[in-house]
Every structure is written in structure tokens, then in C-alpha cells.
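Peer 1: Before anything else, here's the structure in question.
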Amino acid sequence: MSPSEVKKETLKTLRQTRNAMMTAAWMDALKKKSAEERQEAALKLLDVNSAMHELQNSVLADIRDKLIANEAALLNGIAGLGKALDNLNQVKKVINSVGKVLDVVAKVVKFVATHV
Amino acid sequence: MVVFIAVLSGCAATQVVKESDQFAANGIAFSDSIAPLIDESFVLAVNADSMVLAQARENITDSGVRGAQLKQSDKHLETRLKILRDLKRHAYLLRSYFVAIRAITQTDAASGITEATKGLVDQMAKLKPGIAEAAIGEKSVSEFIEPGVKLAVAAYQNKALRQELSERADTIDREIALQEAALTAIYEQMRADKELEILVKVRNPIFSAYTGQGKLPNDWSRQRVDAFKLVISIDSYEDAVKAAKALRQSWQAFAEKRLDSASLLDLTRLTQELVALVKKIKAEHN
């Protein structure tokens, strides 16, 4: 079993234990116990709850760290796609510029034809 | 023949651009759903934690011990909040990637270039009359411009997308896999916390009413039906995990040029279910 699978299985057990210690049947059973025993059970419930939080945070933090390690490559991808889009829009600008030049050339050709 | 081959490859490029667009649209919808789910997971975590603290409090008489337990829970939840904030930020980053793909697939460059090229032909016609009407086969140059430019732009879009895929297929695959892992961990936590909420608020009163000495409430059976329905409703939290799996499978197919319409339809269906879940969660909070 890999470390992540161990964490997953432990978390599952802790959650089941927490939920079992919150059932009405469990609480009814506790009522028959002494104050010390009830306090001990309450503290155990909080220990389970705390361990569960710690493990869940650890699982999520592992994933978060791996995502951060992937971040630079993802940002490069976004930048690369943006550049590809710029290139595509650049074609329109070039054609428009050529059109403007041709417009001037056409006027010059017309002028030369009528005046020379 | 050359024109025929060019048209065929142009049509294939148009199809790739269309599929990329649908894929990116699903990717955006998926990424948009992550933050509300993460927020809901935190609400459920705090609610469950509060129920545990309240239950334990009844049997802990020392106020110092009570205070220390509350502080410890707060510390765990603050740590969780920071991690979840990072996960949300990364989901926005993934969204930006899909938006960038869509910017290419949805660019209006084809119409802009068509207009600009038509203008160019007009200018050239002033220099050399008859050029706009010059025929290629049975069609004039002018008639060729629009479909020609559209195919050329699609080929460029296709090339840009393919280049991106060849450079970053593994990065995005890893990214989606990590999102799937995060959503699985969050789903399992949400499920357990929601089960606890249903237990404390619905199932325990049903149990106590039955095991107690008093008369059963008139709607006791109805309460049981509602409890079963609530338990079943928890399954919908798994939609996020299913959508992440489908997104990753589609991405792999997309990168390997084997994405088909059936896979896209499946991905769209799962993404829509996830979007519906997020809408339901938001409605419950309003």
C-alpha cells in the first residue's frame, strides 16, 4: 500500500469512528457511564476529530504542492496560446497595411497615366 | 486535385477547431465549478466540527480544556482554509488555460482577414483591372477569398492547437489529474461531513423517538423517508470527481487525436451535472 493509500484508508477509518461516536445509540450508552468515563470518551472523540483534520490537511497540502510545481508550465501554455492568437490577428494588420500601400500606388499610377 | 486536398485538410482542421472549442467550453465550466464546491466543503467541515465540539462539550466540565479543544479545531480549519484558497487559485489558472484555447478557436480573425483580403483585391483591381473577376475554374478570385481564408485560418488554428498539445500535453494531463485527486479528497470529506449532519439533525432524533418511552411523532415515518432521501442525495457530490475523470480522459484523447463526438457528449453531460450541483448548492445558501 502506498503512503497516499495508507492516508486515505486511515482517514476513512477516522471518519467512520467519528460518526459512530456521534450516534444516538453511542450517546445513550455513554449516559450509563460515570462522569470521568464520559469525559474520557468526549476527549477521545475530539482526538479522533483532530487527527482527521490533520490528515485531511496533509492530503490536500500534498496535492496543492504538486499543483504549484506544475504552475510554471501551465503559465507557459497560457502565454504560448496568447502568442498564437496574436500571430493570427497580425495577418489582418499586415493585409490592411498592404492594402493602404496599394491604394497610394493606385493613385500614383492614375496620376501618372493622366498627367504624363 | 491540389485544391481538393487542400479543401479536405481544411475541413479536417475545421473539425479539430470545433472539437477543441467544445472541449475548452467544458474545461471552463468544470474550472468554474471548483471554487463553489471547495467553499461548500469548508462550510460542511466547520458544521461537522461544530457538532463534534458541541457534543463533546456536554461531557467536558473544565472550561480550560474546552477552550484548548476549540483553539485546536480553529487552527486545523484555518490551515485548511489556506490550502483551499491555493486550490481555488489554481482552478482559476486552469480556467485561464481553457479560456486561452477558446480565444483561438473563437477568434473572428477569419472574417477580419477575409475583409482585409477583399480590400486588397479591390486595391489590386485598381492597378490591374479584371483581377477581381479573374477565374479559377468556374469561380472568380473574389469568390475564393472567404472560404479560402476560413480554411487557412482553421489550418492555422489547428496548427497552433496541435503545437500547444505537443508541448504541453503532459503538463495539462498532470494538472487535471491533480484536480481530480483534490476533488476526490474533497468529495470524501464532504460525504463524511454531510453524513454526520444528517445523522445529528435527522437520524438521531428518529432513533431517540423510537427508543424512548414517549409517543412516536405523527410524521415519524415521513421523517425516515426524508432521511433516506438525504442520504441518497449525498451521491451527487461525486459528480465533480466524475467530471474531472471525463475531462482527463477527453484531454488524453484530444492530445492523441482520437477525441470523438461520443466522448465530447459524455464530457458535456457530466460537466452539466456538475454545474447543476453547484447551482443547487448556491440555491441552498440563498
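Line order of the protein sequences matches chains A and B. Following this note's numbering, the numbering of the first sequence begins with 38 at its first residue and continues without gaps. Following this note's numbering, the numbering of the second sequence begins with -17 at its first residue and continues without gaps. C-beta atoms are modelled at their ideal positions from N, C-alpha and C, and glycine is treated no differently.
#1: If the criterion is Cβ atoms closer than 8 Å, does the pair Leu246 of chain B and Gln37 of chain B meet it?
#2: Does the CB of Thr60 of chain A have a neighbour CB from chain B at under 8 Å?
#3: Taking 8 Å as the cut-off, decide whether the C-beta atoms of Lys211 of chain B and Leu252 of chain B are in contact.
#4: Output, in sequence order along the chain, the residues in the stretch 70 to 88 of chain A whose CB is closer than 8 Å to any CB in chain B.
#5: So, Ile168 of chain B versus Ser13 of chain B, is the Cβ gap smaller than 8 Å?
#6: Verify the CB distance criterion: does Ala110 of chain A have a CB-CB separation below 8 Å to chain B?
#7: Measuring CA to CA, which of A:Met59, A:Glu46 and A:Met38 is closest to Glu179 of chain B?
#8: When DSSP labels each residue in this structure, what does Ser71 of chain A get in the three-state scheme?
#9: Is the beta carbon of Asn56 of chain A sitting closer than 8 Å to the one on Glu40 of chain B?
#10: How many Å lie between Leu241 of chain B and Glu170 of chain B at the Cα?
#11: At what residues does the alpha helix (DSSP H) containing Gly194 of chain B begin and finish?
#12: The alpha helix (DSSP H) spanning Tyr79 of chain B covers which residue range?
#13: Counting only C-beta atoms, is Glu1 of chain B closer than 8 Å to chain A at any point?
#14: Check the Cβ-Cβ distances between Glu91 of chain A and every residue of chain B, and say whether any is below 8 Å.
#15: Going by beta carbon distance, what residues of the same chain come within less than 8 Å of Tyr192 of chain B, once the five residues before and after it are set aside?
#16: Mapping DSSP to helix, strand and coil, what is Pro18 of chain B?
#17: Rounded to a whole number of angstroms, what is the C-alpha to C-alpha distance between Thr87 of chain B and Leu229 of chain B?
#18: Is it buried or exposed, Asn200 of chain B, if we count other Cβ atoms within 10 angstroms and call 16 or more buried?
#19: Could you tell me the alpha carbon to alpha carbon distance between Ile214 of chain B and Ala258 of chain B, rounded to whole angstroms?
#20: Answer yes or no: does any C-beta atom of chain A fall closer than 8 Å to that of His58 of chain B?
#21: Looking at the C-beta of Asp123 of chain A, does it have a partner C-beta in chain B at a distance below 8 Å?
#22: Quick check on DSSP: helix, strand or coil for Thr(-4) of chain B?
#23: How about Asp208 of chain B and Val184 of chain B: are their beta carbons less than 8 Å apart?
Peer 2: So, from the listed chains and residues:
#1: Their beta carbons are not under 8 Å apart, which means Leu246 of chain B does not touch Gln37 of chain B by this criterion.
#2: yes
#3: no
#4: Ala72, Arg75, Gln76, Ala78, Ala79, Leu80, Leu82, Leu83, Asn86 and Ser87
#5: no
#6: yes
#7: A:Met59
#8: coil
#9: no
#10: 30 Å
#11: Where Gly194 of chain B is concerned, there is no enclosing alpha helix (DSSP H), given that its DSSP letter is neither H nor E.
#12: Its alpha helix (DSSP H) spans residues Ser45 to Thr87.
#13: no
#14: yes
#15: Cβ within range, chain order: Leu198 and Trp202.
#16: helix
#17: 18 Å
#18: exposed
#19: 16 Å
#20: yes
#21: no
#22: In the structure shown, Thr(-4) of chain B adopts helical secondary structure according to DSSP, grouped into three states.
#23: yes
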